[in-house]
Structure formats: C-alpha cells, structure tokens
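K.L.:
Can you keep this structure in mind? I'll have questions shortly.
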C-alpha cells in the first residue's frame, strides 16, 4: 500500500454536534492546498485525517510541506499503511523504516489501538513488534525511557500504519471556521504576526494596506505584498486592499494639531477598514497593536482610534513584548521581509511630541474642520485589490 500523510486533529475533537462542520472545513482547506500536486483522497476517521495519494505522480514532498501549515492539524506523520496483521506490521516496519532501524542504537515501539476489535492489546502488539525488530537488527537495544528511535504503530479502522513519530502541526482551527475579518497590514513586524495568530483561530482574512505615494515608495508596497505571500500558505488565498492614503495625510498635516496627527490618522484607517469589512463580509478588524509599544498604543489612544468603528477590534499581540512577537515572526517566515528598510505610511509626518493620552473633546475639535465622509469615500473609491494565492 502507498505511503500516506496522517494528520492528527487538535481541539476539533472537543467539538460537539457541530464537529462535522469543522472537519468539512479542514478537508476543504487541505484539498485547496493539494491542488496541482496530484490526485489525493482526503478523508477523516477516528479523529485523524488521511491524505492518501491515488497515483504515483503525486508530489508527496510538496504535499507534506503544505500540510505543515494547515491550521486545525496538531501533528502529522508520513506513514506506511499495511494490513492489520502483526507480521504484516513487522514487514512494513522493515520496508518503510529499515534505514532508520539499521542506523539507530536504541529503540522502542509504541502502539495505539484505535480499532478495539484487533485481537492483541497495545502492549502485546508493541512487545511482539519490538521483539521481532530486535531479532532482525542486531545493532538495536530496547530503551523504553530515552530511545534514539521510536517506532509508532497505529491500528485503525481500515488499516494499520507504521511511522517514526509525528511532527508538530500548525495547531489552531481550520481557516474559515470562525468567520471573516479584515486585518490592517503594514510593513512592520507586528501586523503580519497578528494576522497569523487570528488565522490560527480559524478566521479567514482580507488585508488592508494604506499606501501614501510618493511619500512611501513602490518598494514599500511590494514589501507588503510579499508579506501577504508569506502569510498565504497559512491563511489561504488573500486579497490585499491597497488604500490610497496620501490625500488624507496631506489634509491632516494642514488641518490637524501635530500632537494628534497619529491618532486622527489611525481613526481614518479604522473608518476605511470598516468600509472594506462591510464590502467583504468581515465581522471584525485585526491590528498589530501592542500595549505601550509606541505613542499611539496607549490604552487611551487605542480607545480613541477604536471609537469610530462599530466592529470589534481584535488585537492578538496586545499583551506581548517585542521579543515574543519577533520569535513568532521568525517562525512563520515574515521577519526578514518586515525589517527591510522601506517606510510605510505610519512614518509619514510623524509628530515630534505625540499625545499619549488624548481627550475625546480635543479629538473631536481636531476633526471638526475635516470633511470626513468625503475623504473616506475618495479613499475607498480608489482602492486597488490585489489577489495573492
């Protein structure tokens, strides 16, 4: 029988009567990720999802790498399927894990018997397979505490499987199982991490980027699109809504007190992001704000910027320090792109002394002379939509 990829579900197994909806979404996401890699059969049994190649031309290496970034999978293994017979299991171990068995010095066998009709208990099967392998490979010694190699045997409904242990999966919930949101994506470190964290909770995302040409360069825009490309393996296909923001920033520079410039600017971002969410069915906004990191991220400032939208604002990195955020950015592959030296709109016209604790009255006074609706409408009308797959 062919090699398969065995995916272990995480918190999906805790779901109740709606569990099938999460499993259906997971399977749909897997099928999309396998598109172009060959013909696979994807099915779920006993809290595991099987990715089975149906033809020799299937690209198993690329399929394996794709499955490592699928949210909803807590662990994954490349495994060999065989008949549910103890000697067939030993033969599969020799055939599939022979090189590793020959190279190891110590080993143990662990068995999971999901099919309770199998005539041997998990312990009995582990002892039998371990004894046979010990005879076949003189280099091996049994070490149940700290083995160099752990041979894992799983007896499931349709077949038995042998593998050398699972690798950690992406975890979380299948993308799309928790609704849709709009994430504000700058060129920095924090916002891609925030988007990744929310996608991990099953949220499908649309991205909004505010572009202030000529104050920000085409390279800065391309940097953001590259961040979206790096997030796509985790989040699925993304649409980046590129908002022309120059006219708003120039108007604020003329009309707004310098100390309140950043707060008022971010209020415009929230208004525009809400309009994008209304268009695409988003139920929340996502930002990369971290409490106290910069002047616009004090509690008072965040309250002021969030006051202009009726949608909930999800701030997944709000309680994290920079080192924690950087660690995740490195893990998901966005860090090196985020630190490229191309400016974004948040650095344009930065006030020398920004207000840390703005009062509602002074913000209202700062916005009083602005035609907010006209500025927002013009920006929304000029949005460029770029699809990243």
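Residue numbers (the numbering used here): 30 to 418.
Cβ coordinates follow ideal geometry from the N, Cα and C atoms, glycine included.
Here the structure is a predicted model, which is why all the values come from computation and not from measurement.
1) Quick check on the burial criterion: 16 or more other C-beta atoms within 10 angstroms. Buried or exposed for residue 373?
2) The beta strand (DSSP E) that contains residue 415, what's its start and end?
3) Can you say whether residue 79 is buried or exposed, counting buried as having 16 or more other CB atoms within 10 angstroms of its CB?
4) Taking its Cβ as the centre, do 16 or more other Cβ atoms sit within 10 Å of residue 318, making it buried, or is it exposed?
5) So the alpha helix (DSSP H) residue 360 belongs to, where does it begin and stop?
6) Are residue 254 and residue 417 touching if we call contact CB-CB under 9 Å?
7) What is the DSSP secondary structure of residue 104, reduced to helix, strand or coil?
8) Quick one: grab the DSSP three-state call for residue 160.
9) To the nearest angstrom, how far is the alpha carbon of residue 205 from that of residue 59?
10) Which one of 284, 343, 136 and 408 has the shortest CA to CA distance from residue 169?
11) For the alpha helix (DSSP H) containing residue 233, name the first residue and the last one.
12) Quick one: what's got a C-beta closer than 8 Å to residue 336's C-beta in the same chain, skipping five residues either side?
13) DSSP beta-bridge partners for residue 141?
14) Taking Cβ to Cβ, would you say residue 74 is nearer than 9 Å to residue 185?
15) Classify residue 175 as helix, strand or coil using the three-state DSSP reduction.
16) Taking the continuous beta strand (DSSP E) assigned at residue 255, which residues delimit it?
17) Identify the continuous beta strand (DSSP E) that holds residue 37 and give its terminal residues.
P.N.:
Quick look at the numbers:
1) buried
2) 413-417
3) buried
4) buried
5) 351-361
6) yes
7) strand
8) helix
9) 12 Å
10) 136
11) In the DSSP assignment, residue 233 falls outside any alpha helix (DSSP H) and lies within the beta strand (DSSP E) extending over 233-240.
12) 296 and 389
13) 183
14) Yes, they are a contact pair.
15) coil
16) Note, residue 255: premise wrong, no beta strand (DSSP E); alpha helix (DSSP H) at 247-264.
17) 32-38
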